[in-house]
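This report concerns only the one structure given below.
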Amino acid sequence: MHIREILADRETKFSFEYFPPKTSAAEDALFHAVADLQRFDPAFVSVTYGAGGTTREATRGLVHRLTHETKINTIPHLTCIGHSHRDVEELLEKYAEIGVSNILALRGDPPQKVGKIVQGDFPHASDLVRFIRRFSERNGHDFGIGVAGFPEGHPGTPNRIMEMELLKAKVDEGADYICTQLFFDNHDFYDFRDRCEMTGIDLPILAGIMPVTCITGLHRMAELAAGARFPAKLMRALARANGDSEAVRRIGIHYATAQCADLLNHDVRGIHFYTLNQSSSTTEIFRNLGNGALV
Ligand SMILES: Cc1cc2nc3c(=O)[nH]c(=O)nc-3n(C[C@H](O)[C@H](O)[C@H](O)COP(=O)(O)OP(=O)(O)OC[C@H]3O[C@@H](n4cnc5c(N)ncnc54)[C@H](O)[C@@H]3O)c2cc1C
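Going by numbering that gives the first Met the number 0, the first residue of the sequence shown is number 0, and it counts up by one from there.
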């Protein structure tokens, strides 16, 4: 289903993000999580893509399996860094063939081993959005397009005014929705939403939420979401856990539940859970939010 239809009414939608597993055991575990989370009737699930094409086949394989075995709307991420027009065209052709309706269009970060931006035909995500739009027109397959938004600013953008101008450029090229980077202070999200409105961006904005599950995970999150703030309130609570891993998990669930409840009270269009391929924390958040009847 096209994302415009999925997000057509103003009811808050829930969605889940998965990454391609590396082993068959990890794939089995992922499909347990997928089955578990399906009871919450996600509007869609999305599948990450390794920048530079490092998970090209794995992402496509997982998208294919999810599309055919679960019938859930599945949105592949597609990063353009290091890719030629032909690389992207080939992927889009394959996605059109298997009935994928939407793509999350991203730049991606240069692979760490490379260390600097590898040359490709797409300097920025806005170039990818334009390319997908033109592909859609030429091939009569109208892909819905999502783009990334950064409530606290992307670390590579010189200032927050330019941040909104560059986001507006992606929107003007033909994006249909915005999904945000994870954040821990909802005020940053509400402020971002207001700034989008003031910039003339009138698209559904989905809030990215990632519950803390363990202290090592917290460090990994900080790396992946460079620029995201870790508020003192959260860090103080985690410090009180004093290394107790179950206490850390509970704090993460409690904190994310409070964030989600507040977002629901502020008419958020969607909450996108970065699940890390696990279902337990997300399930507990749903239960805490009062969706226990579904559990
Ligand atoms: C929801 C979400 C999902 C993600 N999924 C993945 C994934 O699956 N795989 C992955 O590798 N990464 C993923 N990322 C990370 C993302 O690729 C990086 O954060 C990347 O650095 C920014 O991507 P972008 O699409 O916002 O790029 P862009 O919009 O191209 O922005 C990248 C940088 O370039 C600057 N810029 C943009 N346009 C211009 C211009 N015209 N002139 C000058 N500067 C410009 C921006 O200000 C910014 O600093 C995801 C991020 C989010 C929020």
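C-beta: ideal position from N, C-alpha, C; glycine also.
Exposure label - residue i; buried when at least 16 CB within 10 Å
| i | result |
| --- | --- |
| Asn138 | exposed |
| Gly145 | buried |
| Met0 | exposed |
| Met163 | buried |
| Ile97 | exposed |
| Lys169 | buried |
| Ser244 | exposed |
| Ser23 | exposed |
| Val117 | exposed |
| Leu223 | exposed |
| Thr215 | exposed |
Beta-carbon contacts of residue i that lie in its chain and below 8 Å, excluding the five residues immediately before and after
| i | result |
| --- | --- |
| Tyr48 | Thr54, Arg55, Thr58, Pro75, His76, Leu77, Thr78, Leu105 and Gly107 |
| Val294 | With a pLDDT of 41 at Val294, under the threshold of 50, the modelled position of that residue is not reliable, and the figure given next carries that caveat. So the qualifying residues of the chain are Arg38, Thr282, Phe285 and Arg286. |
| Asn276 | Tyr17, Phe18, Pro20, Ala25, Ala28, Leu29 and Ala32 |
| Thr198 | Met163, Glu164, Leu166 and Lys167 |
| Pro230 | Phe183 and Asp184 |
| Gly173 | Val128, Arg129, Ile131, Arg132 and Ile144 |
| Arg73 | The residue asked about is misnamed: residue 73 is Thr in this sequence, not Arg. Phe43, Val44, Ser45, Val46, Val62, Leu65, Thr66 and Val99. |
Where residue i falls: helix, strand or coil (DSSP)
| i | result |
| --- | --- |
| Asn287 | helix |
| Thr274 | coil |
| Lys12 | strand |
| Gly320 | This structure leaves residue 320 out entirely; the chain is present only between 0 and 294. |
| Phe182 | coil |
| Leu202 | coil |
| Thr58 | helix |
| His76 | strand |
| Gly207 | strand |
| Phe18 | coil |
| Thr44 | A small correction: the amino acid at residue 44 is Val; Thr does not occupy that position in the sequence shown. Reduced to three states, the DSSP call for Val44 is strand. |
| Ile71 | coil |
Continuous alpha helix (DSSP H) stretch holding residue i: start and end
| i | result |
| --- | --- |
| Ser23 | Ser23 to Gln37 |
| Leu91 | His84 to Glu96 |
| Phe191 | Asn185 to Met197 |
| Ala104 | First-last for Ala104: Asn101 to Leu105, but that is the beta strand (DSSP E), not the alpha helix (DSSP H). |
Same chain only: Cβ atoms within 7 Å of residue i, ignoring 5 sequence neighbours per side
| i | result |
| --- | --- |
| Pro41 | Phe13, Ser14, Phe15 and Ile71 |
| Asp187 | Pro150 and Glu151 |
| Pro110 | Ala50, Gly51 and Thr53 |
Sequence-distant residues of its chain with Cβ nearer than 6 Å to residue i (five each side left out)
| i | result |
| --- | --- |
| Phe272 | Phe15, Ile208 and Thr281 |
| Asp141 | Ser135 |
| Ile2 | Asn101, Gly143, Asp175 and Tyr176 |
Beta strand (DSSP E) segment containing residue i, residue limits
| i | result |
| --- | --- |
| Gly143 | Gly143 to Gly148 |
| Phe229 | First-last for Phe229: undefined, no H or E at that position. |
7 Å Cβ cutoff, residue i in contact with chain D
| i | result |
| --- | --- |
| Leu233 | In the displayed structure, chain D is absent; only one protein chain is listed. |
Got a list of residues with beta-carbon closer than 5 Å to any non-hydrogen atom of ligand 1, in chain order?
-> Thr47, Tyr48, Ala50, His76, Thr78, Leu105, Arg106, Gly107, Asp108, His123, Ala124, Ala147, His153, Gly155, Thr156, Leu165, Cys178 and Gln180
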